[in-house]
Amino acid sequence: MNAITEKLKRQSKDDFKGRHFEAWLIVQAVAWYLRYPLSYRDLEEMFRERSFEVDHSTINRWVLAYAPMIEKRLRQFRRPHCGSVRVDETYVKIRGKWRYVYRAIGKHGNPVDFLLTAKRDLDAANTFPSAIKTSVDSGLLHPDPVHYATKHLQQGIESDHFRLKKNMPKIGGFQSFNTARRTIAGFEAMLWLRKGFGYSGGWTVNDQNDLLARLFGLQKVNKV
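Position 175 (the sequence shown) corresponds to 175 in full-length UniProt numbering; numbering is contiguous.
What follows is the structure, encoded as structure tokens:
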């Protein structure tokens, strides 16, 4: 883990170039939005209580910019799976219309991959296995999988859908496909972070914040 975080630290020197707020505050705002069922206006008020004037639209831009970055960097911490993977799709609303998120998790809830699609058809269903082929190539999944369509095996991932969707916009959904794709990437990444990637030992919220800070070469995130 240390080798990965040192590599990310070297890559992150320009992540906050041109921003008018300190890096730790930006990462904290993004993490709170992705972790808890808070609106952008909730976060604006929370920062104002702490004597920081941050407009809700600014926090929105931060989430769209840094949520995919967090997801991309946390992917590097994923570990090989036990061989049993649950795959299922769930629904999200984008501009008032239903769209689909294909998701895969390991038997013990560890992350594998996800894919947002506009349609629920054969092409979309075939795209997702192709998308997680990189997990096979990198050794995260067994190279010779066997497929079972069994209801009881899906119960774990169906409950995991709730954890993903509980923070999503409730009325009308996301305003664009791009906004949904970027934000859902962050929601998934925060679930990965909270689950701990299958590493043994304690994994407190402070440990999670420490790793989040190290993704961006920071000493600390939660200063407020």
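Every residue, glycine too, gets a C-beta built ideally from N, C-alpha and C.
Close beta carbons around residue i, own chain, < 6 angstroms, minus the five adjacent residues each side
{"i": "L64", "result": "R182"}
{"i": "S84", "result": "K107"}
{"i": "G196", "result": "W203"}
{"i": "P68", "result": "R182 and A185"}
{"i": "F47", "result": "V54"}
{"i": "Y102", "result": "E89, L115 and F128"}
{"i": "I26", "result": "W62"}
Identified DSSP bridge partners for residue i
{"i": "F174", "result": "I94"}
{"i": "R103", "result": "D88 and F114"}
Close beta carbons around residue i, own chain, < 8 angstroms, minus the five adjacent residues each side
{"i": "residue 239", "result": "Since the displayed the chain opens at 1 and closes at 224, residue 239 lies outside it and no answer follows."}
{"i": "residue 234", "result": "No answer is possible for residue 234: it lies beyond the span of the chain, which begins at 1 and ends at 224."}
{"i": "A180", "result": "V92, I94, R99, L116, G173 and F174"}
{"i": "H56", "result": "S39, Y40, R41, L43 and E44"}
{"i": "I105", "result": "V85, R86, P111, V112, G156, I157 and D160"}
{"i": "residue 225", "result": "Residue 225 is absent from the model: the chain starts at 1 and stops at 224."}
Limits of the unbroken beta strand (DSSP E) element including residue i
{"i": "F114", "result": "P111 to T117"}
Coil, strand or helix - residue i by DSSP
{"i": "G196", "result": "helix"}
{"i": "D123", "result": "helix"}
{"i": "E89", "result": "strand"}
{"i": "G18", "result": "coil"}
{"i": "Q208", "result": "helix"}
{"i": "R57", "result": "According to the sequence shown, residue 57 is Ser rather than Arg. S57 falls in the helix class under three-state DSSP."}
{"i": "M168", "result": "coil"}
{"i": "W62", "result": "helix"}
{"i": "S159", "result": "helix"}
{"i": "W203", "result": "coil"}
{"i": "T13", "result": "Per the sequence presented here, residue 13 reads as Lys, with Thr not at that position. Note: K13 maps to coil in three-state DSSP."}
{"i": "R214", "result": "helix"}
{"i": "K220", "result": "coil"}
{"i": "F47", "result": "helix"}
{"i": "F77", "result": "helix"}
{"i": "F187", "result": "helix"}
{"i": "F128", "result": "helix"}
Span of the alpha helix (DSSP H) around residue i
{"i": "S39", "result": "It is not in any alpha helix (DSSP H) - S39 carries neither H nor E in the DSSP assignment."}
Contacts around residue i, its chain only, beta-carbon distance under 7 angstroms, and the 5 residues preceding and following it disregarded
{"i": "Q208", "result": "L193 and R194"}
{"i": "residue 238", "result": "Within the shown structure, residues of the chain are numbered from 1 to 224, placing residue 238 beyond reach of any answer."}
Taking 8 angstroms as the cut-off, does the segment 156-167 touch the segment 42-58 (at least 3 CB pairs, one atom from each stretch)?
Cβ pair count under 8 angstroms is below three, so no.
Counting beta carbon pairs with one atom in the segment 87-107 and one in the segment 173-188, are three or more of them shorter than 8 angstroms?
By the Cβ criterion, the segment 173-188 is in contact with the segment 87-107, since at least three pairs of Cβ atoms, one from each stretch, lie closer than 8 angstroms.
Within 8 angstroms, do at least three Cβ pairs link the segment 184-193 to the segment 107-116?
Enough Cβ pairs lie closer than 8 angstroms, so yes.
The segment 94-106 contacting the segment 59-77, beta-carbon criterion three pairs below 8 angstroms:
No, because fewer than three Cβ pairs between the segment 94-106 and the segment 59-77 fall closer than 8 angstroms, the two stretches do not touch.
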